[in-house]
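Here the structure is laid out as structure tokens; the discussion comes afterwards.
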Amino acid sequence: MALVTVKPTRIDTAIANEIARNANPSLEHAAQAITWGADEHVLLALAAAGWLYTYLRHPQRRSVADHVLMVSLVTAALPHVLKSVFDQTRPDRLTVRGHWHGIPYSGRPRDAFPSGHAMHMGALASAAGLLPPTSRRLARSLAAALSLTRVALLAHWTSDVVAGFTLGIVVERLFRPFTLARSRQQRPEASRVRP
Numbered sequence: 001m002a003l004v005t006v007k008p009t010r011i012d013t014a015i016a017n018e019i020a021r022n023a024n025p026s027l028e029h030a031a032q033a034i035t036w037g038a039d040e041h042v043l044l045a046l047a048a049a050g051w052l053y054t055y056l057r058h059p060q061r062r063s064v065a066d067h068v069l070m071v072s073l074v075t076a077a078l079p080h081v082l083k084s085v086f087d088q089t090r091p092d093r094l095t096v097r098g099h100w101h102g103i104p105y106s107g108r109p110r111d112a113f114p115s116g117h118a119m120h121m122g123a124l125a126s127a128a129g130l131l132p133p134t135s136r137r138l139a140r141s142l143a144a145a146l147s148l149t150r151v152a153l154l155a156h157w158t159s160d161v162v163a164g165f166t167l168g169i170v171v172e173r174l175f176r177p178f179t180l181a182r183s184r185q186q187r188p189e190a191s192r193v194r195p
């Protein structure tokens, strides 16, 4: 049983009502397919594959691979812990009109807060700061778009997505000093000129 009940804000309700009024099956099917890109199972598989590839092919980038894998694991587990503490009904459970227009049912009915998908994407957007500018912008745009699919599907209130995205950023930034410390220590040694 959850300890804290979270109520949607007036803005959350207004946005959800507008989506329910304007939804259509083709848009909802597209959002449903796209949202898989932020699913914890998909991201964990990609992070593990990336970690393995980096260890085998690019050993100089191991600390970044360790960082991405660790953050992926934490952001996969943390939403489940938080959802056991917080209780909030998903917006798709509170609409009839939306289902007429193609809104699907998603997840457990009272697990709206926070959005796990958005948490994964917030961590990805934050970790993108380690990438070159063009790749960084692409990763951050993708992360924002994938997070917004959760609002479009009425799987989460807008505030759930904002909270999840923000928590993902916080998790990624909290782990950086620990997981990337080795690469910072190795950089000065690598830049020294040998006699």
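My numbering puts the first residue of the sequence shown at 1, with every later residue one more than the last. We put the CB at the ideal spot given by N, CA and C, even for glycine.
**Prompt:** Where does V6 fall in DSSP's three states?
**Reply:** Coil.
**Prompt:** Where does L56 land, buried or exposed, given buried means 16+ other C-beta within 10 angstroms?
**Reply:** exposed
**Prompt:** Cβ of L146 within 8 angstroms of Cβ of T35?
**Reply:** yes
**Message:** Could you pull the DSSP bridge partners for D87 from this structure?
**Reply:** T5
**Message:** Taking 8 angstroms as the cut-off, does the segment 122 to 132 touch the segment 164 to 184 (at least 3 CB pairs, one atom from each stretch)?
**Reply:** yes
**Prompt:** How big is the Cα-Cα spacing for D12 and H156?
**Reply:** 9 angstroms
**Request:** Using the Cα positions of V4 and P59, report the straight-line distance between them to the nearest angstrom.
**Result:** 45 angstroms
**Of the residues A143, R137 and L154, the one placed nearest A38, counting alpha carbons only** = Measuring from the Cα of A38, the nearest candidate turns out to be A143.
**Item:** Residues of its chain near M119, where Cβ-Cβ distance is below 6 angstroms and the 5 sequence neighbours each way are ignored
**Value:** Correct list, in chain order: T75, P79, G164, L167 and G168.
**Beta-carbon proximity of A275 to L124, cut-off 8 angstroms** = Any answer about residue 275 is impossible in this case: the structure gives the chain only from 1 up to 195.
**Message:** Can you tell me whether D39 is helix, strand or coil according to DSSP?
**Reply:** coil
**Item:** Integer Cβ distance of R110 from Q88, believed to fall under 8 angstroms
**Value:** 7 angstroms
**Message:** Here's the rule I'm using: 16 or more other beta-carbon atoms within 10 Å means buried, otherwise exposed. How should P25 be labelled?
**Reply:** exposed
**Message:** If you reduce the DSSP assignment to three classes, tell me which class R192 lands in.
**Reply:** Confidence in R192 is poor, its pLDDT being 47 and thus under 50, which makes the residue's placement unreliable; the coordinate value appears in the next sentence. In the structure shown, R192 sits in coil (DSSP, three-state: anything other than H, G, I, E or B).
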